[in-house]
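S.K.:
Numbering (my numbering), first residue to last: 1 to 150.
1. Please report how far the alpha carbon of residue 19 lies from the alpha carbon of residue 58, in whole angstroms.
2. Compare the C-alpha of residue 108 against each of 74, 25 and 101 and name the closest.
3. Three or more C-beta pairs closer than 8 Å, one from the stretch 12-27 and one from the stretch 48-63: is that the case here?
4. Evaluate residue 10 with the Cβ neighbour count: other Cβ atoms within 10 Å of its Cβ, from every protein chain shown; 16 or more gives buried, anything less gives exposed.
5. With 16 as the cutoff for other CB atoms within 10 Å, does residue 129 come out buried or exposed?
6. Suppose you measure from the CA of residue 116 to the CA of residue 141; what does that come to, to the nearest Å?
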């Protein structure tokens, strides 16, 4: 972790920091992402997504790559928050299982850190539709590194 320890924000302060940020990445905006809840001690986050109809495939369901992007976004954010915004964790590999169709509209993702080490992070996330039904689950391995905005 960082040699310069930053004071840790409360969960409410961290949530407000992310929700009020003016530096949101374009990919988060494209996905319609909003951080809805978090728990730093338990190392999980919940995100809500406003899934655009432009993400639909010819059948009208959301194309799986967009669902994977939402899952990946949430898992990465879990590491950033758990590290007190000192680390990020680029994904090395990710496996996604699709359990049912997701239609455009509201969706949510809950992501959690299974293990956060110096050289690897093991992550898991679930995507739910507007009715709260499980749509997809992903597991990922990522590499923790110092957070630097490029």
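From the three backbone atoms N, C-alpha and C, an ideal C-beta is built for every residue, glycine too.
No experiment lies behind these values; they were computed from the predicted model shown.
M.R.: Quick answer:
1. In the chain shown, counting from the first residue as 1, residue 19 sits at position 19. In the chain shown, counting from the first residue as 1, residue 58 sits at position 58. Looking at the two C-alpha atoms, the distance is approximately 33 Å.
2. Against the chain shown, residue 108 aligns to sequence position 108. The shortest CA-to-CA distance from residue 108 to any of 74, 25 and 101 is the one to 74.
3. Contact fails: fewer than three Cβ-Cβ distances are below 8 Å.
4. Counting from 1 along the chain shown, the entry for residue 10 is found at position 10. Residue 10 comes out exposed.
5. The sequence position of residue 129 within the chain shown is 129, counting from 1. With 16 or more other Cβ atoms within 10 Å, it is buried.
6. Residue mapping note: residue 116 aligns to position 116 of the chain shown, counting from 1. Residue mapping note: residue 141 aligns to position 141 of the chain shown, counting from 1. Answer to the nearest angstrom: the Cα atoms are 10 Å apart.
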